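K.L.:
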Amino acid sequence: MTVRAVPVVVIGAGPTGLAAATLLGQYGIETLVLDRWESVYPLPRAVHLDDEIYRLLARLGVAEEFAAISRPAHGLRLLDRELRVLAEFRRGADLGRHGHPEANMFDQPQLEELLRANLERHPSVTLRGNVEITAIAQSDGGPVRVRLTDRTTGETGTVTAGYVLGCDGANSLARETIGATMQDLAFTQRWLVVDLATDADLAQWEGVHQVCDPVRAATYMRIGERRHRWEFQLLSGEHADDYRDMTSLHPLVRPWTGDLHAEQLEIVRTAEYTFRAQIADHWRKQRLFLLGDAAHLTPPFIGQGMGAGLRDAANLTWKLAAVLDGRLPEHVLDSYEAERKPHARSMITLAKLVGTAMTAGGDTGSALRRLLAPHLHRLPGLSNRILDSRTPALHRSALVGRGRLGLGLAGRLCPNAPLPDGRRFDDLAAGRYALVTSAAVTPALRSEVHDRGGVLVTAPPGTALHRWLRRGHTAAALVRPDGTVQRTAPDPKALCGLLPHRAPAGVSQGDLCQGEAS
Ligand SMILES: O=C(O)/C=C/c1cccc(O)c1
10 MTVRAVPVVV IGAGPTGLAA ATLLGQYGIE TLVLDRWESV YPLPRAVHLD DEIYRLLARL
70 GVAEEFAAIS RPAHGLRLLD RELRVLAEFR RGADLGRHGH PEANMFDQPQ LEELLRANLE
130 RHPSVTLRGN VEITAIAQSD GGPVRVRLTD RTTGETGTVT AGYVLGCDGA NSLARETIGA
190 TMQDLAFTQR WLVVDLATDA DLAQWEGVHQ VCDPVRAATY MRIGERRHRW EFQLLSGEHA
250 DDYRDMTSLH PLVRPWTGDL HAEQLEIVRT AEYTFRAQIA DHWRKQRLFL LGDAAHLTPP
310 FIGQGMGAGL RDAANLTWKL AAVLDGRLPE HVLDSYEAER KPHARSMITL AKLVGTAMTA
370 GGDTGSALRR LLAPHLHRLP GLSNRILDSR TPALHRSALV GRGRLGLGLA GRLCPNAPLP
430 DGRRFDDLAA GRYALVTSAA VTPALRSEVH DRGGVLVTAP PGTALHRWLR RGHTAAALVR
490 PDGTVQRTAP DPKALCGLLP HRAPAGVSQG DLCQGEAS
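For the sequence shown, this note's numbering begins at 10 and goes up steadily by one.
1. So what's Ile20 in DSSP terms, helix, strand or just coil?
2. What's the C-alpha gap between Gly364 and Gly318?
3. Exposed or buried, Pro531, counting other C-beta atoms within 10 Å across all chains shown (16 or more means buried)?
4. Can you tell me whether Thr31 is buried or exposed, with buried defined as 16 or more other CB within 10 angstroms of its CB?
5. Thinking C-beta only, is Val277 closer than 8 Å to Leu174?
6. Among Leu428, Ala227, Arg432 and Ala402, which residue has its Cα nearest to the Cα of Val494?
7. For Val277, does the three-state DSSP call read helix, strand or coil?
8. Comparing the CB of Met230 with every heavy atom of ligand 1, is any distance shorter than 7 Å?
9. Quick one: using the 10 Å Cβ neighbour count with 16 as the cut-off for buried, is Val153 buried or exposed?
10. Contact defined as beta carbons within less than 8 Å: I believe Ala286 pairs with Ile232. What is the distance between those atoms, to the nearest angstrom?
11. Could you tell me whether any non-hydrogen atom of ligand 1 is closer than 7 Å to the CB of Arg236?
12. Pull the bridge partners of Gln219 from the DSSP assignment, please.
13. Relative to the C-alpha of Leu211, which candidate in Arg235, Ala226, Val94 and Gln119 has its C-alpha closest?
14. DSSP state of Ile288, grouped into three classes?
15. I believe His109 touches Asp60 by the beta-carbon criterion, under 8 Å. Please report the beta-carbon distance rounded to the nearest angstrom.
16. With DSSP as the reference, label Gln242 as helix, strand or coil.
17. Would you say Val56 touches ligand 1, meaning its beta carbon is less than 7 Å from a heavy atom?
18. Do the CB positions of Thr279 and Tyr252 come within less than 8 Å of each other?
19. With 16 other CB atoms within 10 Å as the buried threshold, where does Gly301 fall?
20. From the DSSP secondary-structure annotation, give me the bridge partner or partners of Met114.
21. Count the other C-beta atoms from every protein chain shown that fall within 10 angstroms of the C-beta of Arg64, then say buried if there are 16 or more, exposed otherwise.
22. Thinking C-alpha only, which one of Gly440, Gly417 and Ala473 is nearest Gly431?
23. Exposed or buried, which one is Gly335 when buried takes at least 16 other CB atoms within 10 Å?
24. In whole angstroms, what separates the C-alpha of His340 from that of Ala426?
25. Three or more C-beta pairs closer than 8 Å, one from the region 298-313 and one from the region 246-266: is that the case here?
26. Just to confirm my understanding: we take Thr266, look at its own chain, exclude 5 residues before and 5 after, and list those with CB closer than 7 Å. What are they?
27. Determine the direct distance from the alpha carbon of Arg238 to that of Leu205, and round the result to whole angstroms.
28. Note down the Cα distance separating Gly462 from Ala330, rounded to an integer number of angstroms.
29. Tell me which residue opens and which closes the alpha helix (DSSP H) that Trp4 is part of.
30. Could you spell out the range, first to last residue, of the alpha helix (DSSP H) harbouring Val262?
31. When the Cα atoms are used, what is the spatial distance from Arg263 to His248?
32. Per DSSP, Glu141 forms a beta bridge with which residues?
33. Beta-carbon separation of Leu136 and Val42 under 8 Å?
34. Please state if the CB of Arg156 and the CB of Thr167 are separated by a distance shorter than 8 Å.
35. How is Phe310 classed by DSSP in three states: helix, strand or coil?
36. Nearer than 7 Å: is that true of the beta carbon of Val71 relative to any heavy atom of ligand 1?
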């Protein structure tokens with residue numbers, strides 16, 4: 010097998026790997042994606058993404074296609090075992106802070122199909138399926154060598170890569186290679202996941218139903234025109250095999266399917282999952298990075314598993330592109346783990362909290378839930394994520410700076426706000442650095458931002474961005490290509506110098522992957 014050397018190899022063509030490869034393709038970085046399967050893995054898995062992730066899908070170029078295969082959901086309800094509402098957290102279907110509905114249901118294989126089709130628009134990216142990665146090796150400072158075997162012909166070969174992104178899932182070889190271990194965050198539960206299809210109208214509230222029941226907690230949500238997802242906590246001694254047909258499943262789903270006969274319900278998939286909370290102790294060694302399930306695993310109770318991997322991809326790829334182009338120094342790549350790990354950990358903690366609220370405490374727990382549910386919005390973390398659907402700010406790093414008054418807007422996403430000309434912020438920023446300011450702008454500042462490959466976004470009074478800056482007690486914000494605020498300042502001129510320079514002549518991605526292919 011003859012294989013060439015490439016600047017970046019992405020291992021794994023799930024949503025994380027496909028997102029990473031698409032973003033690298035948008036920067037024109039030559040990228041090889043390697044996957045075990047020839048085509049999309051057909052079984053349903055993730056079913057929900059939020060408006061931050063929808064915004065990222067728009068950046069990938071698939072917002073319209075995603076709208077056609079998804080349905081906005083109304084939010085999250087905590088219910089007691091009689092399905093009485095204990096608490097409700099509404100999500101807007103209108104275009105909020107990020108310009109998209111706040112909760113969206115979909116079928117993962119359909120999303121992967123459209124991400125794969127979209128990848129073909131990027132000539133610098135090649136996707137190669139049906140290959141088994143057998144070894145990954147890196148010597149100090151040198152390129153990474155990826156050994157692979159064609160699963161059909163048995164032919165073997167080696168790819169030499171400047172950087173490798175390990176998007177290779179929970180049983181990651183990339184993780185093993187860098188000697189990382191998963192830290193257990195103390196949550197393990199066995200659940201039955203059931204996907205059914207029906208032409209009948211179940212006439213249920215179209216959001217996520219979380220049944221709090223220490224005996225058998227459950228989740229229900231409609232995920233498509235005909236498709237519905239249930240999850241049931243398995244009792245000790247029970248297995249998915251006990252629920253392979255509609256006769257055994259019917260008693261579980263009847264609270265939602267009511268008078269429907271078993272014949273009106275078609276089983277798409279039943280599977281047993283062990284929900285875990287884990288995070289890798291380190292996410293990088295030299296030129297090899299971990300992303301997605303290779304770096305973190307979360308219970309699904311706030312629907313944030315897949316989104317975490319896409320956030321990883323968005324965080325790392327623009328930095329990698331800038332390093333490969335010589336616009337940023339290599340050490341900024343350490344900011345990937347510094348920023349993403351605490352964020353992933355805090356989302357996992359929140360998922361655990363919801364899971365525990367659903368399952369803990371016996372009858373006393375149920376009584377407590379009834380008492381406490383109306384006050385849940387007062388819990389820190391819950392109030393941000395569950396109530397107003399914001400995720401935490403990124404921690405301080407080489408690329409998230411602290412201003413005089415603390416972090417302020419830094420580390421938060423700039424809203425994808427409407428602009429006076431009818432476009433939105435992301436249309437204008439388009440994957441570049443943006444300097445957003447409500448202060449007066451000189452032609453010299455404008456041309457310096459432009460010369461450095463960035464875009465200047467003015468925020469006149471009365472606009473959403475003006476209000477956002479004012480709430481953040483600042484007049485200027487430097488927004489990174491992934492939409493995160495790097496730093497704020499009262500004077501935009503103070504931020505301009507932080508924009509990376511264009512690549513100096515002679516420095517190119519090729520310099521980082523000199524090595525022979527075999
Ligand atoms: O908080 C939300 O809007 C959605 C939560 C969610 C989504 C999917 C699956 C879940 O168990 C929860």
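Glycine included, each C-beta is placed from N, C-alpha and C at the ideal position.
Small disclaimer: the values here were computed from a predicted structure and weren't measured.
P.N.:
Quick look at the numbers:
1. Ile20: strand per DSSP, three-state reduction.
2. Distance between the alpha carbons of Gly364 and Gly318: 20 Å.
3. Beyond the ends of the chain as shown, which are 10 and 527, falls residue 531; an answer cannot be given.
4. Here Thr31 is buried: its Cβ has 16 or more other Cβ atoms, across all protein chains shown, within 10 Å.
5. Taking C-beta atoms as the reference points, Leu174 and Val277 fail to come closer than 8 Å.
6. Of the candidates Leu428, Ala227, Arg432 and Ala402, the one whose C-alpha sits nearest the C-alpha of Val494 is Ala402.
7. It is a strand residue.
8. The answer is yes for Met230.
9. Buried is the label assigned to Val153, since at least 16 other Cβ atoms lie within 10 Å of its Cβ.
10. Their Cβ separation, rounded to whole angstroms, is 23 Å, which puts Ala286 and Ile232 out of contact at 8 Å.
11. Not so, every heavy atom of ligand 1 lies at least 7 Å from the Cβ.
12. Beta-bridge pairing links Gln219 to Leu87 and Thr228.
13. Residue Arg235 is the option with its Cα nearest to Leu211.
14. Three-state result, Ile288: strand.
15. Rounded, the Cβ-Cβ distance is 5 Å, consistent with contact.
16. Correct three-state label for Gln242: strand.
17. It does: the Cβ of Val56 is within 7 Å (strictly closer) of some heavy atom of ligand 1.
18. For Thr279 and Tyr252, yes; Cβs fall inside 8 Å.
19. Answer is buried; the Cβ neighbour count reaches 16.
20. Answer by DSSP bridge pairing, in chain order: His57 and Arg80.
21. Classification for Arg64: buried.
22. Among Gly440, Gly417 and Ala473, the Cα nearest to that of Gly431 is on Ala473.
23. So Gly335 ends up on the buried side.
24. As the crow flies, the alpha-carbon of His340 is around 32 Å from that of Ala426.
25. As far as the Cβ criterion goes, the region 298-313 does not touch the region 246-266, which means the pair count is below three.
26. Leu211 and Leu274, listed in sequence order.
27. If I take the Cα positions, the gap works out to 7 Å.
28. Take the alpha-carbon of Gly462 and the one of Ala330: they are about 14 Å apart.
29. Outside the displayed span of the chain (10 to 527) sits residue 4, for which this structure offers no information.
30. Unbroken alpha helix (DSSP H) run through Val262: Met255 to Thr266.
31. The C-alpha of His248 is placed about 20 Å away from the C-alpha of Arg263.
32. Answer by DSSP bridge pairing, in chain order: Thr158.
33. Yes, the Cβ-Cβ distance between Leu136 and Val42 is below 8 Å.
34. Between Thr167 and Arg156, the gap from beta carbon to beta carbon is short of 8 Å.
35. Phe310: coil per DSSP, three-state reduction.
36. Val71: no, Cβ never under 7 Å from ligand 1.
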